[in-house]
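With the numbering used here, letter number 75 in the sequence shown gets 76, and the count goes up by one each step, no holes. Note that beta-carbon positions come from the ideal geometry of N, C-alpha and C, so glycine has one too. Keep in mind the model is a prediction, meaning the values are calculated, not measured. Data first, discussion second: the structure below is written as structure tokens.
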Amino acid sequence: MIGAEYLVKVAANLGFEYCFANPGTTEIPMVAVMDRETRIKPILSLFEGVCSGAADGYGRVAEKPALTLTHLGPGFANSLANLHNARRANTPIVNIIGDHASWHVNYDPPLASDIEAMAKTVSGWVRVTKNAESIGADLQTAMQAAWQSKGQVATLVMPMDFQAKEIINPDLNLSVKAPERHFIAQRAEQIAELYKAGKKLVFIVGDSGVYEEGLKAAGRLASLDGIKMFAETFPRISHRGGGLPDLDRLPYFPEVAIEILDQYDYVVLAGVIEPISYFGYEGIPSRLAEPDRLLLLADVGEDVTGALNALADQLDAKQYALAEPQAIAMPNPQEALVPQSVAAILANNLQENSIVSIEGGTCGYPFFTASNHAVKHRVMTNTGGAIGQGIPAGFGAALAEPGTRVYCLQSDGSAQYTIQTLWSIARSNLPITILISANHRYAILQNELRRFGIEKFSDTALELTELNQPKIDWTALSQAYGIASTVARSNEDLNRILNIANQSQQPHLIVMEL
Numbered sequence: 002m003i004g005a006e007y008l009v010k011v012a013a014n015l016g017f018e019y020c021f022a023n024p025g026t027t028e029i030p031m032v033a034v035m036d037r038e039t040r041i042k043p044i045l046s047l048f049e050g051v052c053s054g055a056a057d058g059y060g061r062v063a064e065k066p067a068l069t070l071t072h073l074g075p076g077f078a079n080s081l082a083n084l085h086n087a088r089r090a091n092t093p094i095v096n097i098i099g100d101h102a103s104w105h106v107n108y109d110p111p112l113a114s115d116i117e118a119m120a121k122t123v124s125g126w127v128r129v130t131k132n133a134e135s136i137g138a139d140l141q142t143a144m145q146a147a148w149q150s151k152g153q154v155a156t157l158v159m160p161m162d163f164q165a166k167e168i169i170n171p172d173l174n175l176s177v178k179a180p181e182r183h184f185i186a187q188r189a190e191q192i193a194e195l196y197k198a199g200k201k202l203v204f205i206v207g208d209s210g211v212y213e214e215g216l217k218a219a220g221r222l223a224s225l226d227g228i229k230m231f232a233e234t235f236p237r238i239s240h241r242g243g244g245l246p247d248l249d250r251l252p253y254f255p256e257v258a259i260e261i262l263d264q265y266d267y268v269v270l271a272g273v274i275e276p277i278s279y280f281g282y283e284g285i286p287s288r289l290a291e292p293d294r295l296l297l298l299a300d301v302g303e304d305v306t307g308a309l310n311a312l313a314d315q316l317d318a319k320q321y322a323l324a325e326p327q328a329i330a331m332p333n334p335q336e337a338l339v340p341q342s343v344a345a346i347l348a349n350n351l352q353e354n355s356i357v358s359i360e361g362g363t364c365g366y367p368f369f370t371a372s373n374h375a376v377k378h379r380v381m382t383n384t385g386g387a388i389g390q391g392i393p394a395g396f397g398a399a400l401a402e403p404g405t406r407v408y409c410l411q412s413d414g415s416a417q418y419t420i421q422t423l424w425s426i427a428r429s430n431l432p433i434t435i436l437i438s439a440n441h442r443y444a445i446l447q448n449e450l451r452r453f454g455i456e457k458f459s460d461t462a463l464e465l466t467e468l469n470q471p472k473i474d475w476t477a478l479s480q481a482y483g484i485a486s487t488v489a490r491s492n493e494d495l496n497r498i499l500n501i502a503n504q505s506q507q508p509h510l511i512v513m514e515l
């Protein structure tokens, strides 16, 4: 067998299910042998950012890595934005990058670049395969590096000549160990002593702490006087609804977050890193709380749920009982869509255990608030701020759980960054409903202009922040990629269209004119 087949066979034995690929000439040996291993399904994407975004969404839901396959440095470069998001989400991903033949690359051919340097910007582990015989061991090490309790991106560079080389008696009996989570009990004991001494505590919870059992543990602590619980601002995946505790997300703007945190003696970190302002604003601290006020209960990758429950036990907190379901207040059907009505209608139409991939604040923030009263579901957010994540992450999530309904609540501007995902979704024929918040502008940039003191926008400012002249024809665009599309202008429209989409196992795109 040749090196490429060795790679594919080992990948299947290690448990990889999908390879999100945009191959080129240097990956032809792998393309040639993919059909010899049916346990891995190759998924073609028209743009490498779709590959990386889908691998991120898959990894968040499946909690194990997928493969990406990209072409040389320039092809891999197209995947960097969503790999940046995956790095911030601690998502396990293994990238395979085809490179020039080992004997050719030193001649500096046109597509040659410093792939290792590029990969290190988003990867916790990088290796260039040195010979064909080490392909299996290299992939095994890459998967083990990625698949840790605190997941990370691992990148393996594969010269083309090693892919094509014949290997005698390759070792296929390779495996990796699934990660385990632990917590340090002494941290809970120390924090319990501070609380018993009368200190007021505010918690920021992330990682597995915003999964179902983690939220129940957080709900136990939230019932105690002098304790306030927040979820991190952008969780990689958060369980919501179904009577689970409603943890508000820590506010995005730093002055609001600082004002809240300053009301407490200590800020307890449970599955999150130190809270830092998203951007630097003159006169506002970058740190949202002073380092001497930070207490670590559980680090990212540790057993956050276990740590929260251990602290709750120390404080004799009662067990959390699921809240009684409450009806979602529905808007007037005849009124035009606004972000708050979109949020209520979508929350009311969610299917049980569905997944919502959110990108954009226009409807994303109102939805997160409304979704507390929805049926049980999960929400993915953009952890790293590089836009173009929402739809490909939703695509990967749908592949991780076949048959699960996925909703992509997506702002129109950022959707264009990886719009090619629609083609991959249509090709896979998955039950994904894409909701485009079509306000035809970069609303976040206009908000930042106002914060900068600009109340009346100049023609130039409007030209740089509005998405019109021409407006994007979302219906035509969606249909060109093979997905049926409908326009919703009123609350009644959206409710009706969502009902229809929920009854279908095929993808649908809804253009919400706001």
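Within 10 Å of its beta-carbon, does residue i have 16 or more other beta-carbons around it, so buried, or fewer, so exposed?
i, result
"Q390", "buried"
"P111", "exposed"
"V257", "exposed"
"H183", "exposed"
"N496", "buried"
"W104", "exposed"
"A337", "exposed"
"Y279", "exposed"
"T434", "buried"
"A155", "buried"
"L84", "buried"
"F453", "exposed"
"A524", "Limits of the chain in this structure are 2 at one end and 515 at the other, which puts residue 524 out of reach."
"L1", "Not covered by the structure: residue 1. The range shown for the chain is 2 to 515."
"G284", "exposed"
"E281", "Contrary to the premise, residue 281 reads as Gly rather than Glu in this sequence. Exposed."
"S372", "buried"
"S459", "exposed"
"Q153", "buried"
"K229", "buried"
"K472", "exposed"
"R379", "buried"
"Y108", "exposed"
"A481", "exposed"
"T363", "buried"
Can you round the beta-carbon distance between residue i and residue j to whole angstroms, since I take them to be within the 8 Å contact cut?
i, j, result
"G210", "L323", "In fact, because the Cβ distance is near 18 Å, the residues do not count as touching under 8 Å."
"Y321", "R250", "No, Y321 and R250 are not in contact; Cβ-Cβ is about 19 Å, not under 8 Å."
"A22", "P43", "5 Å"
"S530", "Q411", "This structure does not reach residue 530, given that the chain is present from 2 up to 515, and the question cannot be answered."
"V11", "L140", "5 Å"
"P508", "I426", "5 Å"
"F235", "N91", "So it is not a contact: roughly 12 Å between Cβ atoms."
"V9", "I41", "6 Å"
"P332", "N492", "5 Å"
Closer than 7 Å, CB to CB, is residue i near chain B or not?
i, result
"A5", "Included in the structure is just one protein chain, with no chain B present."
Pull up the DSSP beta-bridge partners for residue i, would you.
i, result
"Y19", "K42"
"Y408", "V357 and T434"
"D100", "P160"
"S372", "Looking at the DSSP assignment, S372 forms no beta bridge with any residue, so it has no partner."
"E514", "A439"
"I3", "E167"
"V154", "I94"
"M381", "S358"
"I277", "R288"
Exercise for the section: Scan the stretch 283-346 and note each continuous beta strand (DSSP E) run of 3 residues or more that stays entirely inside, going in chain order. Expected result: 295-299
Handout entry: Within the stretch 225-275, ranges of the alpha helix (DSSP H) (whole runs, at least 4 residues)
Key = 255-262
Problem - Every unbroken beta strand (DSSP E) inside the stretch 45-78 [3 residues or more] - result: 67-72
Exercise for the section: Taking 8 Å as the threshold, find out whether the stretch 273-280 comes into contact with the stretch 165-184 through three or more Cβ pairs. Expected result: No, because fewer than three Cβ pairs between the stretch 273-280 and the stretch 165-184 fall closer than 8 Å, the two stretches do not touch.
Exercise for the section: Determine contact between the stretch 31-42 and the stretch 190-208, defined as no fewer than three beta-carbon pairs at a distance below 8 Å. Expected result: no
Exercise for the section: Determine contact between the stretch 67-76 and the stretch 94-101, defined as no fewer than three beta-carbon pairs at a distance below 8 Å. Expected result: yes
Practice task
Assess, as a yes-or-no matter, whether the stretch 111-125 is touched by the stretch 55-64 under the definition of 3 or more beta carbon pairs within less than 8 Å.
Solution key: no
Exercise for the section: Check whether the stretch 454-464 touches the stretch 305-312, counting contact only when three or more Cβ pairs, one atom from each stretch, lie closer than 8 Å. Expected result: no
Exercise for the section: Output the residue ranges of the beta strand (DSSP E) runs that lie fully inside the stretch 463-510 and measure 3 residues or longer, sorted by chain position. Expected result: Fully contained in the stretch 463-510 are the following beta strand (DSSP E) runs of length 3 or more, in chain order: 485-489.
Practice task
Could I get the ranges of all uninterrupted alpha helix (DSSP H) runs contained in the stretch 115-140, with 4 residues as the minimum, in chain order?
Solution key: 116-121
Exercise for the section: Report yes or no: do three or more beta-carbon pairs, one from the stretch 395-412 and one from the stretch 355-375, lie closer than 8 Å? Expected result: yes
Handout entry: Contiguous alpha helix (DSSP H) assignments of at least 4 residues, all confined to the stretch 180-220
Key = 186-197
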